[in-house]
Each structure stands twice: as C-alpha cells, then as structure tokens.
Amino acid sequence: MADKSVQSRHIQDGTILADHIQERSIRTTHLEEEAVSGVHLQNGSVTSAKLADGSVNGSKLSEQSITSNHLNAGIVGPAHLSQEIWNAIRQFSGETLEQLAAIKRQEALLQADSEAVQPSQQAMVVPLTGAGLEGTQIHQTSNQELGEQQEQASQTDQLEEPLAAASLTTEEPAQVQEPQLELLQENVGTTEFKLSEQSVTQEHLCDEAVGSSQLQSGAVQAKHLAFQPVRSVSRQPVVQQFGMEAFILPEDEECVEVSVAFEESFISEHYVIVAMCNDRGFQVSLLSQSEDEAVLEVSRTAGSTYTYGLLSWIAAGPSV
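Sequence positions in the sequence shown follow this note's numbering and run 5 to 324.
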C-alpha cells in the first residue's frame, strides 16, 4: 500500500484498539469538553497546582475537615465567633468580675476588722441607769465584747442583764490606758464614737478612700504632684491655654490681623503668648493683648504665593 492511502473512511467503527495508539499521542485537542470524569483520575493526581484560584468553596469541604492546622495566626476575628461563644465569654467575664468584687469586699472587711482590733485592751466608760446601779462604773473588756455591748446599748429593757454578766468590778477599778477609741453615750440607745487626734494613720486608709471632697482647698501643692506643673518666676498660680486659628490673606494684601479669644481670662495683660504658622511663607507678630484676647498679625514673606494658612498659639500667665 502506498503511503497515506488509508483514510478515515476506510476504517470501520471499533477497529482501532488501545494497542494501536502510541503513548502520549492523545492530547487535549483530542478530548471533548467534560470528557474526563472522576473515574479517569488516579488517586492523588489532582494537586494544588491544578486547582484554579477561588475554585475551592464551602461546598467542596467536608464537615469537620478544617482543623487548627489549616488556620493562619490571627485570621479569626470577632465576626467569626458564634453567638454561643459570645454568650460564654460574657458569662465568664461577668462571673469573674463578680468574684473579683466579692474578694475586694472581703479584703476591705478584713482590713477594717484588723484596724478595729488592737492587741491591747481598752476601757469602756458606760453610765448605768438601771435600778440598783448608780453612778458610773468602769470595767475592762476586750474588743470583741465591746462590739457586742454596742448592740446591747440600743436595747433599754435588756441593758441591766448584759452589764451584770460582763464581770463588772466595783472594788478595784481597772487601770485605764490612754484610749484610741472612746465610747460616749449621751442617752440610752444613742452611741457615738470619737477618734482621738492623730489616731488615723496611712495604714488605716483603704485604697482610693480619699477623694476630691476630702481635700481642703489649697491642700494639694506642687510638691504633691507626680508631674511638673507650669510654674512662673514669681511662683504664682499659672493658667496655660492653646489653640489654632485659620486665616485668609488675599494676594493683593501683605498682612492680616487674627484675633485670639481666651476661654479663661488672665488676671492681667502680663502674660506670654507665642504663635507660628504652618507654612514658612508667613510670619506672626503680636499687635496687642488684653486679659481676654490677643491680636496677632500674619504677614506674607517675599516670594510666597499662599493665600491661606493655619496659626497655632500657646498662652501662659498668672491666673486667679
């Protein structure tokens, strides 16, 4: 047979078998669209390089297939958390805050109890008004008994029995030390505690117990401040103010006046004010100053073509 004498019309259907086809002779041009299905793919033959970008979506992933190893660090944000997780976080935060508050209250009570209890015993002076008891008797009691008798003092009908059972002595009065706390009873049912002078020290104060209402006027001085305040040469009280003002300087004008009004007036016109512009094409000068305002002049330098700018100023001086 001559070369190229056999054509496709000479070949019967099903005549060409697999052993008639050379290796690597079938290319993409020989394949119809959607001809390759899952049965034609070997296991493990589809790699990441064969997947188009964005081709893997949620429908391609099986349940429980994404683990912590697949997540990059920091990609899980608040929007990814379910409502159940947020509820658990809020519940945990609320319980933690309640526990911390309870611990704080318990510490405050323990600290108050430790401050109230002193190692030495104190003398209590109680005027007795019961029948058969006249005058004032002194008995020495512990701090625990002192607290119990403070409750009993408000009950007029039961006053005699607790005092009679509290080991009162009339023969030898107990030696009374100089008391830190004295119980004054002006009438039955009303008690008042009076602290002796200089008895409250730093150890008796809870954290954040002293507020602005507890401070006298002028009690806080410069030495009490944790920061360096603004100070004048004469060591007078100083107020410091600052601000920004916008201005427009037309092309046919060389300067413009800018008024600066102070939120808090100075006690006199002897204060210091400095100002500058946001562009080197302008210069600032002080024209006049009073207690409640200052007038500045902004002038354009040679060669500058800007017609507007922003002026920043700082003023400091004696305050009331």
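Every residue, glycine too, gets a C-beta built ideally from N, C-alpha and C.
- The three-state reading of DSSP puts Pro322 in strand, counting E and B together.
- The Cβ atoms of Val299 and Ser289 do not sit closer than 7 Å to each other.
- Taking a cut-off of 8 Å for Cβ pairs, the segment 263-275 and the segment 217-227 do not touch, as fewer than three such pairs fall below it.
- The alpha-carbon separation between Ile271 and Pro322 amounts to approximately 6 Å.
- With fewer than 16 other beta carbons inside 10 angstroms of its own, Phe246 counts as exposed.
- Here Ala112 has Cys210 as same chain residues with Cβ atoms under 8 Å from its own Cβ, once five neighbours each way along the sequence are excluded.
- When secondary structure is reduced to three states using DSSP, Gln218 falls in the helix class.
- Inclusion of Glu295 and Glu273 in the CB contact set at 7 Å is warranted, their separation being smaller than that value.
- DSSP places Arg304 inside the beta strand (DSSP E), whose first and last residues are Glu297 to Arg304.
- Under the DSSP assignment, Phe251 falls in the beta strand (DSSP E) whose first and last residues are Val242 to Ile252.
- In the three-state reduction of the DSSP assignment, Gln293 falls in the strand class, which pools E and B.
- In this structure Gly313 is buried. Its beta-carbon is surrounded by 16 or more other beta-carbon atoms within 10 angstroms.
- In this structure, the alpha-carbon of Ser216 lies about 14 Å from that of Leu229.
- A residue is called buried once 16 or more other Cβ atoms fall within 10 Å of its Cβ, and Val302 is buried on that count.
- The beta carbon of Glu258 sits closer than 8 Å to the beta carbons of Ser303 and Arg304 from its chain, once the five residues preceding and following it are set aside; these are given in chain order.
- Across the structure, Asn61 and Leu55 are spaced so that their CA atoms are roughly 12 Å apart.
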